[in-house]
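Each remark here refers to the structure printed beneath this line.
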Amino acid sequence: MYSFQYRLISCYVLLLISLAVYAQSGKESFAGRVVDTETYQPVSFATIRLLSLPDSTLLVGGATDINGKFQLSFIRKTPNKSLLLHVSFVGYKPVYQLVFNSQKTVSAHLGDISLTPESYALDETVVVGQAPMVITEGDTTVFNASAYRTPEGSMLEELVKQLPGGEIDADGKLLIHGKEVKKILVDGKEFFSDDPKAALKNLPVEMVEKLKAYERQSDLARLTGIDDGEEEMILDLSVKKGMKQGWLENFMGGYGSKDRYEVANTLNRFRDNSQLTVIGNLNNTNNQGFSEIQKESSSSTGNIRNRMGLTTSRSLGVNATYDWKRVKLRSNIQYIGTDRLEDSRTTVDNYIRKDKSITRSTNNSRTENNNLVANAFLEWKMDSVTTLIFRPQYRFSANGRENKGFQEGWGNDVLLNEKVSSGSNHNSQYNVTMMLQLSRKLSQKGRNVALKVDYGTNSSSNDRKNLSTTHYFKNDREDSKNQKIEDDIDGYNYRVQLVYVEPLLWMHHLQLRYSYQYKVNNSDRFVYDWNEDLGEFTPDYDESASNQFENQYSNHLLNLAVRTSRKKYNYNVGVDLEPQKSVSHSLLSDPPEEPLKRSVLNFSPTVNFRYKFSKRTRLQIVYRGKGRQPNVRDLQPVEDRTNPLNIRIGNPALKPSYTNTFTLNFNSYHTKRQRNIVASLLVENTVNSVTNQVTYDEETGGRVTTPMNMNGNWRALGSFSLNTPFRNRSWIFRTYSYVQSRNQNGYTTLNREEPMKSTVEHLTARERLQLTYRTRQVEITGFAGLLYNNSYNNVGEKRTETYDYQIGTQLQLYLPWGVELYTDLTYFIREGYDYEGNARENFMWNSQLSKAFLKKKQLLIRFKIYDILHQDISLVRTITPSAIRDVDYNALGAYFMVHVILRLNLMGH
C-alpha cells in the first residue's frame, strides 16, 4: 500500500515538473525604456502593446512606470510569427517597431525607444503638441512641467500655484488637493528635509521635468508593509537629463524704490547618485527663506494680502546627498534670520449672551529671529534582508521682541477700560531628536520584524518684561502692573515600537504593532514685581503667580490588523487599543502637592481600503484614531497676568484628547481627453478636545481664560478639482471646489454666573474657476473666485455671513527679440465685514517686462511694478467659540524694482 502511494506521488511530481518545463519553454519577455526625443527624459505611463503579424493580434499589453521602463512577458504559441511593438502616448507620435528574439534566449532588452512630440495646425496659429498637464497613475498624480508656462526666471513656487488642486495658503504652506506637502524630494531624494519652502523658493522651473504628488509611507511602513497611519504628502521632482551634467548657477540681484532690494543665489549640482545645493539670499520684500525672483502677482507669497508687517530676511543653506552601493546619505544645514516690523489694529467681538462686548487695540512691535536647523538621514542595507535607518535632527532658535500697545474695552457702547502697555521678550531654545530603526525580512513570503526607537530632548529659556497701566472707568480706578517673568522649560521623551508581520493563507498578512511612549516636561515660572522704593524688580518672586510644574505622560498602543493585496483592491483592517496616562504636580509648594493623575482608554478600528476601478481610476478609504497630549502651558496651574484684561490660568486636570478621522479620496484620469478629476472627503471628531472657558467681568471689561476638556468638536470637509483641455488643447479649463462645516465648543461665563456652553457652527465654501487660452506668442487667463463664510454662535445668538469675491485676468505675451510682458489685474470685493474704503473693495495690478540676452538666454534683465494703483491691504479674520477677531496689518505697499538674473549651466565641470 505504501509503495503504491509513493509511486503515485512520484508520478504527480514528475507531471508538474514536465508541465512547468513545457510552459517555460515558450515564454518570452521584452524590456526597454521610453524616452522623449528632444529632452531624453523618461515618458511615464506610455501605452505598450505587443502585436502578432500579419493580423495585428494583441499578445500582451502594459504601460511604462514612473521611470519610463516596461517589461512584457507572454507565451509564444506560434514561434515563426513576426512581432510588432506599438508605443503610444498623448501628445507624441506613435512608434511601431519590429522586434526579434533569438530562439536560444527567452528574454531581450530593446534599449531606449524614442517618442517625438507631434505638432498640428489650429486655424492660422501653429500650436506645439505637448505632454498632458496631469496624469493619475494609481495613488500618484504626475504633473508635466512643460505643460505649464511661467515667465523667464521663475522659481518652483510659481509652477506649483498653477497645478490643478495646488495652492499656497496665507501661511505660505504648499497644499496639493487640500493636503499640506510635508517634504519635497528631488529625484526621490529629500531636499532640505521638512522645509518645502527651501525648494519652492530656490529651484528654477527650467530644471524640472515632472512633479509627482503622492502620500508616502513612513520608513517603518515602507520596510515592513504595516499601516502605522504616519503617511505624509510628498512632492517629488524629476530633474531634466540635461541638468545632470554640470553645475547650475542661478544669481539674482535687484534694487528698487523705497530702498527695496533682493539678492539671491542658488548653486546646484545633480548626479544620478549625488546632489549638492548651496543657497543664500538677502532681501527686504517679505520673502522669508529665499527671494521670489519672478513676478509679484496678487497671490504671490511675497505680497499676499495676509502677509503681516514688513520683513527683512537672510538665509544660507547647504543640502547634500550621496548614494553608495549599500548606503544612502541625506544631510542639510540651514540658517534663517528675520527682522520684522509690525503695526496692527485689532477688533474683537466677544460672545456674551445678548450683551455687546467689543475690544479694540493697536500694537507696534519689532521681532528679530535667528534659526539654525541641521538634519541627516542614513540608510544602510546591511545585507539583502536587513536594513538600518538613522535620522538625527538639531534645531536652535533665538529671538527678541520689543512692543508697545494700546487697548480699550467697550460694553454695550460704554467705555469700560483703557490699557497702555510696553514690553520686551528674549527667548532661546533647542531641540534634539534621534530615530533608529532596524528591520529584517525573515522570509520571501512577507514575514518580517522591525524595532524602532525615538528619543528627543528639549530646553527653552524665556525672559520677559511687561509694563502696563490700566484705567477702569466704572469705579475710576487705575492699576499698574510691571513684571519680570522668567520661564524655563525642559524635558525629554522616548518611544519604542516593535513590529511583526506574519504571512497567512490566501495572500493575507497578520501585522502586530506595539509601542510605548513616555514624555517628561518640566516648567519653571517665576514672576517678580516692580518695587517703587527700590527702583527695581524685587529679588523675591510672587508666590501667587510663580510655579514649578512637572508633567509625565505615557501611552501604550497595541495594533492588530490583517492586510491583503489583490489585483483590483487591497485593504488593511484592524483595531487600535491605546491607554493614555497623564500625571501632573506642582513642586514649589512646601510640602509638594499630591500628583494629579488622569487616565483614559481609547479604542478605535483602523481601516485602509484601496480599490482600482481601472488603471488610472482609484478610490481610497481610511479610518483611524490618534491621541494627543495637552500643552504643558495649558496644564500649569498658575495665573498669567501679563495682560490684566486677559488673565490665563492653566488646568492640571486636563485629559489627553483623541481624534477619530475618516477620509475618502477618489482620483481619475482620462488619457484621451487629458481630463483629471480629484475628489476628497474628510470627517473628524475629537474626544476630550482641549478648548477654553472664558469668564467676563461686566464691571472691568476683563476676562479670565481657562483650558478644559469638551466633547462635540468636529469638522467635515470635501473638495473637488477638475482639469481638462478642449478645442485642440489650446483652451484649458480648471475648477476647484471646497466646502467645510465645523462645530467648535467652549464655555462663556458672565461675572460669576453658571458657565454657559458656547457653540460656533461655521460653514466655509470656496469656488475657483479658471480658463486659459495659449499659443506660442500669448497666454491669457481669466479667473473668478468666491469664498463664503457663515458662522452662528448660540450665546450671543449672532450670525455672521461674509463673501469674498475676486475676478481678474493674467496676460503673458512673448514678443520678438526675447522680450516678455507679464501683467495681472485682480478686483477684490468683501461683503459682510463692515469694512470701508480699500478694505471693502480694491484692485491689485502688477506688471513686469523682461528681456533675455546672450545665445542661450543666460542673462535676463527685468523691470517690475507691484501694486500700481496703491491699494494693497492686509486683513485677517479668525472665528473661535468665544469671539470674532479682525486684524489689519501694515502691508508692503507699492514699489518698483529692476532685476538682473544670471543663469549658467557649467556643463561637465
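Here the sequence shown is numbered in this note's numbering, starting from 192 and rising by one per residue.
Note that beta-carbon positions come from the ideal geometry of N, C-alpha and C, so glycine has one too.
Pair within 8 Å by beta-carbon distance, residue i and residue j
i       : j       : result
Asp1063 : Met1088 : no
Gly500  : Asn1081 : yes
Asn603  : Asp546  : yes
Gln288  : Leu276  : yes
Ile425  : Lys392  : no
Arg592  : Asn555  : no
Ala237  : Val278  : yes
Lys1055 : Gly1009 : no
Val829  : Ser737  : yes
Gly903  : Asn851  : no
Asn590  : Phe664  : no
Thr228  : Ile239  : no
Thr600  : Thr550  : Per the sequence shown, residue 600 should be read as Gly rather than Thr. Yes, the pair counts as a contact, with Cβ atoms nearer than the cut-off.
Gln1001 : Asp1015 : yes
Ser220  : Leu263  : yes
Ala641  : Leu414  : yes
Classification of residue i by the beta-carbon crowding that lies within 10 angstroms, buried from 16 upward
i       : result
Met698  : exposed
Glu328  : buried
Ala211  : For Ala211, the predicted model reports a pLDDT of 38, less than 50, meaning its position is unreliable; a value from the coordinates is still stated below. Its Cβ having fewer than 16 others within 10 Å, Ala211 is exposed.
Thr1017 : buried
Glu381  : buried
Thr577  : exposed
Gly223  : buried
His300  : exposed
Thr341  : buried
Ser634  : exposed
Gly493  : Low per-residue confidence applies at Gly493: pLDDT is 31, beneath 50, and the placement is therefore not dependable, though the value from the model is reported in the following sentence. Classification for Gly493: buried.
Lys759  : exposed
Ile1020 : exposed
Ile266  : exposed
Met573  : exposed
Ser216  : Confidence is the limiting factor: at Ser216 the pLDDT is only 42, short of 50, which leaves the residue's position unreliable, though a coordinate-based value still follows. Exposed, by the Cβ-count rule.
Gly818  : buried
His1061 : exposed
Leu365  : buried
Arg1094 : buried
Ile1052 : exposed
Val377  : buried
Arg925  : buried
Residue i to residue j span [Cα, whole Å]
i       : j      : result
Pro796  : Leu749 : 12 Å
Gly259  : Ser910 : 31 Å
Gly508  : Pro694 : 46 Å
Tyr705  : Arg807 : 36 Å
Trp515  : Val396 : 29 Å
Ser273  : Ser235 : 27 Å
Thr966  : Met324 : 15 Å
Ala511  : Thr468 : 7 Å
Val318  : Met434 : Note that Val318 scores a pLDDT of 36, beneath 50, so its modelled location is shaky and nothing firm can be said.
Lys1047 : Asn459 : 18 Å
Leu977  : His953 : 17 Å
Tyr526  : Ser504 : 11 Å
Phe442  : Asn456 : 4 Å
Gly987  : Tyr542 : 5 Å
Tyr979  : Ile359 : 19 Å
Lys636  : Glu421 : 24 Å
Lys352  : Val766 : 39 Å
The ligand NAP heavy atom lying under 7 Å from the CB of residue i
i      : result
Val690 : For the ligand NAP, the structure offers nothing, since it holds no ligand at all.
Rounded distance between the beta-carbons of residue j and residue i, thought under 8 Å
i      : j      : result
Thr558 : Arg536 : Wrong, their Cβ atoms sit about 18 Å apart, outside the cutoff.
Gln820 : Pro847 : 5 Å
Arg943 : Val539 : Arg943 to Val539, Cβ: 22 Å. No contact.
Asp165 : Tyr685 : Residue 165 is absent from the structure shown; the chain starts at 192 and stops at 1100.
Leu629 : Leu579 : 5 Å
Val895 : Thr882 : In fact, because the Cβ distance is near 15 Å, the residues do not count as touching under 8 Å.
Interface flag, residue i vs chain C, CB-CB below 8 Å
i      : result
Thr502 : Going by chain labels, chain C is absent from the structure shown, which holds only one protein chain.
>> Does the structure place the region 839 to 846 close enough to the region 860 to 869 that three or more beta carbon pairs sit under 8 Å?
In response: In short, these stretches do not touch, since the Cβ pair count stays below three.
> Quick check: the region 400 to 415 against the region 446 to 455, are there 3 or more CB pairs under 8 Å?
Replying inline: Not touching, per the Cβ criterion.
> Between the region 799 to 814 and the region 771 to 789, are three or more C-beta pairs nearer than 8 Å?
Replying inline: Not touching, per the Cβ criterion.
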